[in-house]
């Protein structure tokens, strides 16, 4: 089970590092031009988009850094919980915009984050 939790943490880290970095480094206009998956950005200010990206990158740091240095490993399930909350917001936003085809990815990421949080809070904590 520990291996499965590490695989999930790695997968979450890859996805959220890419997504968060994109939100941090690109302008709102460039994000909107990147395709329909980022259409939600028109409802948010540039600073809010940057904040979401920063939280995603901080979540990645919280998933990987504490167990790597074996300090404050309680941050791993807390980071997974935070990423899950971001995904709940994504599901709500896509549903509000009636972008039902875009809900699947956030739901899968939410399930992975919940699994990681459950495993690291519970039976397979560090």
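In our numbering, the protein residues as written are 64 to 189.
Even for Gly, the Cβ is constructed at its ideal location relative to N, Cα and C.
Note that the structure is predicted; figures quoted are calculated from it, not measured.
Do you know offhand how far residue i's Cα is from residue j's?
i           : j           : result
residue 165 : residue 145 : 20 Å
residue 110 : residue 129 : 28 Å
residue 189 : residue 125 : 14 Å
residue 181 : residue 140 : 7 Å
residue 179 : residue 121 : 16 Å
residue 75  : residue 176 : 7 Å
residue 157 : residue 100 : 10 Å
residue 107 : residue 132 : 36 Å
So what does DSSP say about residue i, is it helix, strand or coil?
i           : result
residue 118 : helix
residue 161 : coil
residue 151 : helix
residue 188 : coil
Would you call residue i buried or exposed, if buried means 16 or more other Cβ atoms sit within 10 Å of its Cβ?
i           : result
residue 159 : exposed
residue 64  : exposed
residue 71  : buried
residue 142 : buried
residue 119 : buried
residue 167 : exposed
residue 135 : exposed
Pick from the options: whose alpha carbon is nearest that of residue i?
i           : options            : result
residue 79  : 93, 173, 184, 133  : 173
residue 86  : 113, 162, 147, 134 : 113
residue 169 : 115, 187, 147      : 147
residue 69  : 127, 156, 171      : 127
residue 82  : 163, 149, 105      : 149
- request: At 4 residues or longer, and completely inside the region 87–140: list those alpha helix (DSSP H) runs for me, N to C.
  value: Runs of the alpha helix (DSSP H) inside the region 87–140: 91–96, 109–132.
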